[in-house]
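Q: This structure is in structure tokens; I'll ask about it shortly.
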Amino acid sequence: MSAAPLHLAGERLMLDPSGALFWPARRLLAVADLHLEKGSHFAARGGRFVPPYDTRETLARLAPLLRRYRPARLVALGDSFHDAEGHARLAPADAALLRRLLEGVEVVWVLGNHDPAAPGDLPGRAAAEWQEGPVAFRHIGGGATPEVSGHFHPRATAPTRCGGVTRPCFVADARRVLLPAFGAYAGGLDVGDPAIAALFPRGARLFLLGRERLYSLPAPAPRRAAAGATGTAPR
Numbered sequence: 036m037s038a039a040p041l042h043l044a045g046e047r048l049m050l051d052p053s054g055a056l057f058w059p060a061r062r063l064l065a066v067a068d069l070h071l072e073k074g075s076h077f078a079a080r081g082g083r084f085v086p087p088y089d090t091r092e093t094l095a096r097l098a099p100l101l102r103r104y105r106p107a108r109l110v111a112l113g114d115s116f117h118d119a120e121g122h123a124r125l126a127p128a129d130a131a132l133l134r135r136l137l138e139g140v141e142v143v144w145v146l147g148n149h150d151p152a153a154p155g156d157l158p159g160r161a162a163a164e165w166q167e168g169p170v171a172f173r174h175i176g177g178g179a180t181p182e183v184s185g186h187f188h189p190r191a192t193a194p195t196r197c198g199g200v201t202r203p204c205f206v207a208d209a210r211r212v213l214l215p216a217f218g219a220y221a222g223g224l225d226v227g228d229p230a231i232a233a234l235f236p237r238g239a240r241l242f243l244l245g246r247e248r249l250y251s252l253p254a255p256a257p258r259r260a261a262a263g264a265t266g267t268a269p270r
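When we follow our numbering, the leftmost residue of the sequence shown carries the number 36, and every step to the right adds one.
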């Protein structure tokens, strides 16, 4: 699996085809929007029954990244759990697996709109945002730059001979990087949506996730918002 280098604030970052970002000089791994326990949230609150395996699948995606990069710090960029009580609904086996994965890693839980409080029974510290050297890590982008953020679950469609292929993607320019959602049950918002395009008024580069590599292309022209409409991240 080949990561793609990207420079932000004079620092070399690596974009992984899994949707994670690694900063080698700081040994920092960042992931966005895990949305753990989204399936159990729908079952308990909305009466919508979906297979309750999203947490297990998401952790199975995270485990090889931690083995590959061996980070000193893991920054989870908000919406790590789908709701404030999500960590309390973890199945015992999933909770044990998560704790094992986090052993020996300093964990920062950046707070998101879905999880405004830290999972107090798990290792790590909570922060409204995390400043690492010249780069701010936050849930929702749009603050002072340079920054790395999540929230919007960006996805884009690349043209192929057989028609368009839609994939989650990174969105980046010289000032900020927007990460795709890492969670197994996370939806996506098209990068042409005004909510995303507003973060990149001078255009951006997209890095679509592939199985073994990323596929780079320029961001499309933004769509015009309907009167009174505002973009929002998928639920």
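Think of the CB as a built atom: it goes at the ideal place given N, C-alpha and C, for glycine as much as any other residue.
Using DSSP with H/G/I as helix, E/B as strand and the rest coil, what is P203?
A: Residue state, collapsed to three classes: strand.
Q: Report the option in L157, V110, G121 and P154 whose CA atom is closest to the CA atom of E167.
A: Minimum Cα distance to E167 is reached at V110.
Q: Using 8 Å as the threshold, is the C-beta distance between A161 and W144 below it?
A: Their beta carbons are under 8 Å apart, which means A161 touches W144 by this criterion.
Q: Hey, would you say L157 sits closer than 8 Å to H117, going by beta carbons?
A: Their beta carbons are not under 8 Å apart, which means L157 does not touch H117 by this criterion.
Q: Do three or more CB pairs link the region 206-223 to the region 49-67 at distances below 8 Å?
A: The answer is yes - the region 49-67 touches the region 206-223, with three or more Cβ pairs under 8 Å.
Q: Going by DSSP in three states, R124 sits in which element: helix, strand or coil?
A: Reduced to three states, the DSSP call for R124 is helix.
Q: Take G54 and list the residues in its own chain whose beta-carbon comes closer than 8 Å to its own, dropping the five residues that flank it on each side.
A: Cβ within range, chain order: V66, A67, P203, F205, L214, P215, A216, F217 and L244.
Q: In angstroms, rounded to a whole number, what distance separates the CA positions of E92 and E72?
A: Distance between the alpha carbons of E92 and E72 is about 11 Å.
Q: Secondary structure at L111, three-state DSSP: helix, strand or coil?
A: Just to set this straight, residue 111 is Ala in the shown sequence, not Leu. It is a strand residue.
Q: Measuring only the C-alpha atoms, how far is W271 from R237?
A: With the chain covering only 36 through 270, there is no way to say anything about residue 271.
Q: Output needed for T180: all residues of its chain with C-beta closer than 8 Å, excluding positions within five of it in sequence on either side, in chain order.
A: Once the five neighbours on either side are set aside, the close Cβ partners of T180 are A171, R210 and R211.
Q: For the alpha helix (DSSP H) containing T93, list its first residue and its last residue.
A: Segment D89 to Y104, the alpha helix (DSSP H) holding T93.
Q: Under 8 Å, do P189 and G227 count as touching if we go by C-beta distance?
A: The answer is no: Cβ separation not under 8 Å.
Q: Looking at C-alpha atoms only, which residue of R102, L137, L48 and Y88 is the closest neighbour of E182?
A: Among R102, L137, L48 and Y88, the Cα nearest to that of E182 is on L48.
Q: Should T90 be labelled buried (16 or more other beta-carbon atoms within 10 Å of its own) or exposed?
A: Answer is buried; the Cβ neighbour count reaches 16.
Q: In chain order, what residues of the same chain lie with their CB nearer than 6 Å to the CB of R62, ignoring the 5 residues before and after it?
A: The answer, listed in chain order, is P106 and A107.
Q: Tell me V183's beta-bridge partners as DSSP assigns them.
A: DSSP, once it has assigned bridges, lists F172 and V212 as partnering V183.
Q: Which two residues bound the contiguous alpha helix (DSSP H) that contains A230?
A: From DSSP, the alpha helix (DSSP H) with A230 extends over P229 to A232.
Q: Using alpha carbons as the reference points, say which of Y220, P194 and G45 lies closest to P169.
A: Selected option, being the one with the closest Cα: G45.
Q: Under the DSSP definition of a beta bridge, which residues are partnered with P192?
A: Per the sequence presented here, residue 192 reads as Thr, with Pro not at that position. T192 is bridged to T201.
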